[in-house]
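Novice: Heads up: the protein sequence lines correspond to chains A and B, in order.
Quick note on numbering: the first sequence equals residues 564 to 708 in this note's numbering.
Quick note on numbering: the second sequence equals residues 2 to 156 in this note's numbering.
Heads up, the beta-carbon is just placed ideally off N, CA and C, and yes, glycines get one too.
As the structure is a computational prediction, the values presented were derived from the model and not from experiment.
Please see the structure below; I have some questions.
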Amino acid sequence: MSPSFHELTAGQDIGSRTIEVTRTDLVKYAGASGDFNPIHWNEAFATGVELPGVIAHGMFTMGAAVQLVTDWASDPAAVVDFQTRFTKPVLVTDTTGTLEPGATIEVSGAIGKLDADSGTARVDLTVVAAGQKVLMKAQAVVRLS
Amino acid sequence: MTINPDLQGRSYPAAEVYDVGREKIREFARAVKATHPAHFDVEAAKALGHTDLVAPPTFAIIIAQRADAQLIEDPDAGIDFSRVVHADQRFIHHRPIFAGDRLVAELHVDGVRAMGGGAMITTRAEIFALTDGGNESRESVATTTSSILVRGEGQ
Chain A
564 MSPSFHELTA GQDIGSRTIE VTRTDLVKYA GASGDFNPIH WNEAFATGVE
614 LPGVIAHGMF TMGAAVQLVT DWASDPAAVV DFQTRFTKPV LVTDTTGTLE
664 PGATIEVSGA IGKLDADSGT ARVDLTVVAA GQKVLMKAQA VVRLS
Chain B
2 MTINPDLQGR SYPAAEVYDV GREKIREFAR AVKATHPAHF DVEAAKALGH
52 TDLVAPPTFA IIIAQRADAQ LIEDPDAGID FSRVVHADQR FIHHRPIFAG
102 DRLVAELHVD GVRAMGGGAM ITTRAEIFAL TDGGNESRES VATTTSSILV
152 RGEGQ
């Protein structure tokens, strides 16, 4: 069931989730997206360009974070506008061969603004990894009935 | 390596067609850990009133980054890909992307500004679906904007 526009209020919480990330996830995202920049899978290359280590694609984090919104909206097509700034890299440590994640991303969302004319709700996402906000101004506009 | 300041205002016309396949939507959805059935099950997508599988909200990045590659790989641009960091991204969907769509992207370089020894470059991809009328006939699907920071030495 999709949420009804008239039952929403600004500031309302839409929920939260935890996303565990491994190096394998980054390789999968590289293949699925076509972004093969080695900073996302090769430690020596990443440190060679003055990064702290292998980092997640910003687009992986953005794409995974919005799933909270699509599931809440009950239809992925309801997301008509989605934007973010990438402020901190998500460092993914090498846990290959173990069951441990290489990074953990915490996502939570709240209604930022309601627009009655267009029947849209802006969901503001808070996305944190290793205690730091990794996305800023992460906003998804959802069209609701 | 320096960024060519004359890039601003440049555009790259729609190049190859991107055919959106069901398996690609499923693969991309799994890669961003999406579980909504409208990405995987045609009947579930149809039950929501869609013609076919619905792409996740950030799927258009595949087409946008292919268009960006024309700029990044342009020797005249002076961009070192290994020093590129994604600074911001926006997707405006004029309509959802569905399996079966045939998409093309026009790339526009909207901004270039020097930052330290590097530069911030803002691009916009206008993504269209080709319709039955052929290449001349197309429907606006999405506008994506992206800023990349090309880090200078020591940045």
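Report the CB separation of I668/A from A627/A in whole angstroms; it is logged as a contact under 8 Å.
Specialist: Here residue 668/A is taken as the residue at index 105 of the first sequence, counted from 1. Here residue 627/A is taken as the residue at index 64 of the first sequence, counted from 1. Yes, I668/A and A627/A are in contact; Cβ-Cβ is about 7 Å, under 8 Å.
Novice: Which of the three DSSP states is assigned to S148/B in this structure?
Specialist: Your numbering for residue 148/B matches position 147 in the second sequence. Three-state result, S148/B: strand.
Novice: Measure the beta-carbon distance from V584/A to V653/A and round it to whole angstroms, keeping in mind my assumption that it falls under 8 Å.
Specialist: Within the first sequence, residue 584/A is the residue found at index 21, counting from 1. Within the first sequence, residue 653/A is the residue found at index 90, counting from 1. Going by Cβ atoms, the distance from V584/A to V653/A rounds to 7 Å, so yes, they are a contact pair.
Novice: For the segment 660-690 of chain A, which residues have a CB atom closer than 9 Å to at least one CB atom of chain B, in sequence order?
Specialist: Per Cβ criterion, the list is empty.
Novice: Are the C-beta atoms of F41/B and some chain A residue less than 8 Å apart?
Specialist: Reading the second sequence from its first residue, position 40 is the one you call residue 41/B. Not an interface residue.
Novice: Just checking, does the segment 62-74 of chain B make contact with the segment 116-128 of chain B on the three C-beta pairs under 8 Å criterion?
Specialist: A contact exists between the segment 62-74 of chain B and the segment 116-128 of chain B.
Novice: Should R114/B be flagged as near chain C, meaning a C-beta pair shorter than 8 Å?
Specialist: Here chain C cannot be found, since the structure's protein chains are A and B.
Novice: Suppose the cutoff is 7 Å on Cβ atoms and the five residues either side in sequence are ignored; what does the same chain contact list for P639/A look like?
Specialist: Locating residue 639/A in the first sequence gives position 76, where the first residue counts as 1. So the list reads T633, once near-sequence residues are dropped.
Novice: Run down chain B in chain order and give the residues with a C-beta less than 9 Å from the C-beta of N600/A.
Specialist: Residue numbering aside, residue 600/A sits at position 37 when the first sequence is read from its first letter. Near N600/A (Cβ distances below 9 Å), the residues of chain B are F82, S83 and V85.
Novice: What are the start and end residues of the alpha helix (DSSP H) that includes S596/A?
Specialist: As a working mapping, residue 596/A is identified with position 33 in the first sequence. Counting along the chain, the alpha helix (DSSP H) containing S596/A begins and ends at R586 to S596.
Novice: With the cut-off set at 8 Å, would you say T587/A and V643/A are in Cβ contact?
Specialist: Taking the first residue of the first sequence as position 1, residue 587/A is located at position 24. Taking the first residue of the first sequence as position 1, residue 643/A is located at position 80. For T587/A and V643/A, no; Cβs fall outside 8 Å.
Novice: Give a yes or no on whether the minimum CB-CB distance between V655/A and chain B is below 8 Å.
Specialist: Stepping through the first sequence from its first residue, residue 655/A is reached at position 92. Output row for V655/A: interface = no.
Novice: Taking Cβ positions only, does F129/B come closer than 8 Å to chain A?
Specialist: As a working note, residue 129/B is residue 128 in the second sequence. Closer than 8 Å: no.
Novice: Going by beta carbon distance, what residues of the same chain come within less than 8 Å of Q9/B, once the five residues before and after it are set aside?
Specialist: By 1-based counting over the second sequence, the position of residue 9/B is 8. Hits under 8 Å: V110, D111, G112 and V113.
Novice: Can you name the residues of chain B whose CB is closer than 9 Å to the CB of F568/A?
Specialist: The residue given as residue 568/A occupies position 5 in the first sequence. Result: empty, since nearest Cβ-Cβ is about 17 Å, beyond 9 Å.
Novice: Below 8 Å, can you find three or more Cβ-Cβ pairs linking the segment 7-23 of chain B to the segment 92-109 of chain B?
Specialist: The segment 7-23 of chain B, when compared against the segment 92-109 of chain B, does touch it at the 8 Å Cβ threshold.
Novice: On the premise that V697/A lies in contact with T624/A, defined as a C-beta separation below 8 Å, what is that separation, rounded to the nearest angstrom?
Specialist: Taking the first residue of the first sequence as position 1, residue 624/A is located at position 61. Taking the first residue of the first sequence as position 1, residue 697/A is located at position 134. Correct: roughly 6 Å between the Cβ atoms.
Novice: Excluding five sequence neighbours on each side, which residues of the same chain lie with their C-beta closer than 8 Å to the C-beta of G506/A?
Specialist: Outside the modelled stretch of chain A, which goes from 564 to 708, sits residue 506/A, for which no answer is possible.
Novice: Considering A684/A, what are the terminal residues of the beta strand (DSSP E) in which it resides?
Specialist: For this step, residue 684/A is matched to residue 121 along the first sequence. Unbroken beta strand (DSSP E) run through A684/A: T683 to A692.
Novice: With a threshold of 7 Å (Cβ to nearest heavy atom), would A15/B be considered close to the ligand MN?
Specialist: The ligand MN is not part of this structure, which contains no ligands at all.
Novice: Enumerate, from N- to C-terminal direction, the unbroken beta strand (DSSP E) stretches of 3 or more residues contained entirely within the segment 54-138 of chain B.
Specialist: For the segment 54-138 of chain B, whole beta strand (DSSP E) runs of length 3 or above, ordered along the chain, are 85-94, 103-116 and 119-132.
Novice: For chain B, is any of its Cβ atoms less than 8 Å away from the one on A595/A?
Specialist: If you number the first sequence from 1, residue 595/A lands on position 32. True, the Cβ-Cβ gap to chain B drops below 8 Å.
Novice: Taking 8 Å as the limit between beta carbons, can you name the residues of its chain near A641/A, skipping five residues before and five after?
Specialist: For the purposes of this step, residue 641/A is taken as residue 78 along the first sequence, with counting starting at 1. Excluding residues within five positions, the ones whose Cβ falls inside 8 Å are S565, T633, V705, R706 and L707.
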